[in-house]
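Visitor:
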């Protein structure tokens with residue numbers, strides 16, 4: 066098992082858009098395994114590479130007994146139906162806020178070998194896919210809240226035991242960096 070530390074709110078990598086994966090190699094598959102192991106160890110529904118400090122467009126998910134991953138996702142929305150419900154994040158531990166998302170999503174991308182993959186999700190799967198894709202764009206779920214909800218979330222974050230406003234975010238090199246602090250394929 067290769068569980069990695071998860072970057073927390075305040076770390077700049079979480080606000081940086083990730084680069085597309087160009088090399089579907091053993092290092093990418095190791096990253097996917099690390100994402101999966103870390104996500105499962107933390108009992109998360111999903112985990113994106115930037116949450117491990119790797120600036121690549123890849124995430125894993127474990128929703129409704131479906132375990133998988135998606136590389137270079139592109140989302141499509143078949144309708145405008147929405148859902149509103151509690152959402153949390155492993156990078157903002159212990160805090161949950163009602164967040165509006167689309168109810169249905171079609172996510173297209175690739176697996177770790179470069180083969181095309183499509184996920185058709187509804188409900189929790191749709192929420193997870195949208196949440197993790199947001200991570201790849203440098204967007205956190207608190208950014209999706211209305212102004213009052215965002216104010217409440219930021220207050221809760223500042224009061225969280227894990228949040229250290231005085232200290233600069235810790236930046237550690239990823240084991241997947243291959244000499245590049247922003248990940249593979251550059």
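Residue numbers (the numbering used here): 66 to 251.
Glycine included, each C-beta is placed from N, C-alpha and C at the ideal position.
Work out the CA separation of residue 227 and residue 173 for me, nearest whole Å.
Guide: Those two C-alpha atoms are separated by around 35 Å.
Visitor: Quick one: grab the DSSP three-state call for residue 205.
Guide: The answer is coil: DSSP assigns residue 205 none of H, G, I, E or B.
Visitor: In terms of residues, what are the limits of the beta strand (DSSP E) holding residue 135?
Guide: Its beta strand (DSSP E) spans residues 131-141.
Visitor: Three-state secondary structure (DSSP) at residue 86?
Guide: It is coil, neither helix nor strand.
Visitor: May I ask you to report which of helix, strand or coil DSSP gives residue 212?
Guide: Helix.
Visitor: Roughly how far, in whole angstroms, is the beta-carbon of residue 201 from the beta-carbon of residue 83, given that I think they are within contact range, below 8 Å?
Guide: Their Cβ separation, rounded to whole angstroms, is 5 Å, which keeps residue 201 and residue 83 in contact under 8 Å.
Visitor: In chain order, what residues of the same chain have a beta carbon less than 6 Å from the beta carbon of residue 138, not counting five sequence neighbours either side?
Guide: These residues qualify, in order along the chain: 172, 174, 198.
Visitor: Go to residue 92, then tell me how far its alpha helix (DSSP H) extends in each direction, as first and last residue.
Guide: That run of the alpha helix (DSSP H) goes 91-106.
Visitor: List the residues that DSSP assigns as beta-bridge partners of residue 165.
Guide: Its beta-bridge partners are 149.
Visitor: Buried or exposed: where does residue 147 fall if 16 or more other Cβ atoms within 10 Å of its Cβ makes it buried?
Guide: Exposed: under 16 other Cβ atoms inside 10 Å.
Visitor: Does the separation of the CB atoms of residue 68 and residue 125 fall below 8 Å?
Guide: No. Outside cutoff.
Visitor: With DSSP as the reference, identify every bridge partner of residue 125, one or two as the case may be.
Guide: Per DSSP, 112, 134.
Visitor: Output needed for residue 192: all residues of its chain with C-beta closer than 6 Å, excluding positions within five of it in sequence on either side, in chain order.
Guide: 166, listed in sequence order.
Visitor: Where do the ends of the beta strand (DSSP E) carrying residue 187 lie?
Guide: Its beta strand (DSSP E) spans residues 181-187.
Visitor: Mapping DSSP to helix, strand and coil, what is residue 170?
Guide: The answer is strand: DSSP assigns residue 170 an E or B state.
Visitor: Can you tell me whether DSSP reads residue 71 as helix, strand or coil?
Guide: Here residue 71 sits in coil by DSSP.
Visitor: Residues in its own chain within less than 7 Å of residue 85 by CB, not counting five upstream and five downstream?
Guide: Closer than 7 Å at Cβ, skipping near neighbours: 122, 137.
Visitor: In the DSSP assignment, what residue or residues form a beta bridge with residue 157?
Guide: Answer is 154, bridged to residue 157.
Visitor: Have a look at residue 168 and residue 223 and give me their C-alpha separation to the nearest angstrom.
Guide: Cα to Cα, the separation comes out at about 30 Å.
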